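Below: one structure, written as structure tokens.
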Ligand SMILES: Cc1ncc(COP(=O)(O)O)c(C=O)c1O
Ligand SMILES: Nc1c(O)cccc1C(=O)C[C@H](N)C(=O)O
């Protein structure tokens, strides 16, 4: 029989052998806390605070308005190029701007224009709500209808009426990964554009947009990319569509010559056409600094560690939490999050947080534990499961 002492030794051995263990020192994390919410708000890399302070002092304070022509104006595209390798995109296809919600709206409407004569939009039925809401509004504005279909059912449901299908790469409740390449191919067989929401996969697992022939994608940067609360999101437009990508929020920042202040809008030839208005420079440059932690990082190692953390989570629940209901797949078709069904999820998570284990819960009954391979340790995984076990014992006794 495996004892907790055995698991402590296993966790210590796994942490000692972890080739990414050194990355944790790059983050500002309270050592007393086990943080499992990097899938909602990533932890700050240590150097970000000083970098932001320097931007405020030197660029905003020192250079004032001159900073716009000394790098600020181009920053959305420049920072987009830093995200591109993390999503398998060749240069010229990613811009950082606005929120994921806003970029979803741009991409959905643009997709209906790229694929005219088709009257429906398919949306992942289990999607994070904002995607569904925005698909409904994009459809209302463009005279389409929306059909909600589970991701795995898309190949059977897509038809020559479907302009675009919007799918989450990793499901935010269960942590299941949807097969980006296979689903994209199935959509393309019907002439449908593939729009992927990468919020829960970017920075968690390797994403290969170009290789899969994805048309459009969006993602946020405040989760596994650690860009900070409200950090701007990104938008990917495949090169083959770029010159026909006409987004509805055609503000001056996306114009081909914004400072000419011309009367009529003409989209920029490059990814800057994905922009709308003035970029939020402080958040954008905080993200820019946060992205340093990815320099030279092997994404294969990232994935291996994320899966290993998940495997160890399962091992601990199998040993210590008899009968735990876990909707997260056990195979490689999971992202870096483990979910546990708990009928009293809000109360259980509050009790965990009180004990220094920070995850979150989603309605109606799911506890979520995000595993961020850059800073989550195997020791913390064991702590989360043992703390859950202790809570369960208290409940049984009371
Ligand atoms: C899959 C997914 N899409 C979109 C969003 C929301 O995007 P935002 O609030 O940044 O616009 C989230 C999380 O908030 C999400 O998990
Ligand atoms: N974006 C968030 C926020 O502004 C506040 C609280 C949570 C969030 C989130 O990111 C939620 C997240 N998308 C989720 O997976 O549930």
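Residue numbers (full-length UniProt numbering): 1 to 398. All C-beta atoms in this analysis are idealised placements derived from N, C-alpha and C, irrespective of residue type, glycine included. No experiment lies behind these values; they were computed from the predicted model shown.
Euclidean distance between Cα positions of residue i and residue j
i: residue 52; j: residue 286; result: 6 Å
i: residue 93; j: residue 110; result: 15 Å
i: residue 333; j: residue 45; result: 28 Å
i: residue 13; j: residue 22; result: 15 Å
i: residue 71; j: residue 63; result: 11 Å
i: residue 29; j: residue 39; result: 15 Å
i: residue 164; j: residue 244; result: 15 Å
i: residue 126; j: residue 151; result: 8 Å
i: residue 54; j: residue 279; result: 18 Å
i: residue 255; j: residue 87; result: 26 Å
i: residue 264; j: residue 273; result: 14 Å
Minimum C-alpha distance to residue i - residue among the options
i: residue 99; options: 85, 131 and 267; result: 131
i: residue 177; options: 140, 303, 85 and 193; result: 303
i: residue 221; options: 288, 274, 264 and 265; result: 288
i: residue 105; options: 250, 395 and 68; result: 250
i: residue 57; options: 215, 216 and 282; result: 282
i: residue 112; options: 43, 194 and 169; result: 194
i: residue 301; options: 26, 155, 3 and 205; result: 205
i: residue 129; options: 312, 172, 4 and 69; result: 172
i: residue 123; options: 149, 115 and 84; result: 149
Close beta carbons around residue i, own chain, < 6 Å, minus the five adjacent residues each side
i: residue 161; result: 118, 119 and 120
i: residue 248; result: 109
i: residue 291; result: 82
i: residue 326; result: 340
i: residue 442; result: Because the chain in this structure spans residues 1 to 398, residue 442 falls outside the shown range and cannot be described.
i: residue 227; result: 221, 287 and 290
Boundaries of the beta strand (DSSP E) in which residue i is found, first to last residue
i: residue 370; result: 366-370
i: residue 362; result: 360-362
i: residue 133; result: Careful: residue 133 lies outside any beta strand (DSSP E), inside the alpha helix (DSSP H) at 129-142.
i: residue 250; result: First-last for residue 250: undefined, no H or E at that position.
i: residue 182; result: Not the beta strand (DSSP E): residue 182 falls in the alpha helix (DSSP H), residues 180-189.
i: residue 328; result: Here residue 328 belongs to no beta strand (DSSP E), and DSSP marks it neither H nor E.
Buried versus exposed call for residue i [16 or more other C-beta atoms within 10 Å across all chains shown]
i: residue 246; result: exposed
i: residue 375; result: buried
i: residue 224; result: buried
i: residue 261; result: exposed
i: residue 259; result: exposed
i: residue 189; result: exposed
i: residue 305; result: buried
i: residue 394; result: exposed
i: residue 192; result: buried
i: residue 153; result: exposed
i: residue 41; result: buried
i: residue 215; result: buried
Delimiting residues of the alpha helix (DSSP H) encompassing residue i
i: residue 241; result: 239-242
i: residue 75; result: 75-83
i: residue 440; result: There is simply no residue 440 to check, as the chain begins at 1 and stops at 398 in what is shown.
8 Å CB neighbourhood of residue i in its chain, flanking five on each side removed
i: residue 102; result: 233, 249 and 276
i: residue 309; result: 336, 371, 373, 376, 378 and 381
i: residue 143; result: 119
i: residue 343; result: 365
i: residue 389; result: 320 and 321
Sequence-distant residues of the same chain with beta carbon closer than 7 Å to residue i, five excluded per side
i: residue 175; result: 328, 334, 335, 337, 338 and 339
i: residue 386; result: 4 and 320
i: residue 59; result: 67
- Can you list the residues near ligand 3, meaning Cβ strictly closer than 6 Å to any non-hydrogen atom, in the order they appear in the chain? Of the ligands this structure carries, namely ligand 1 and ligand 2, none is ligand 3.
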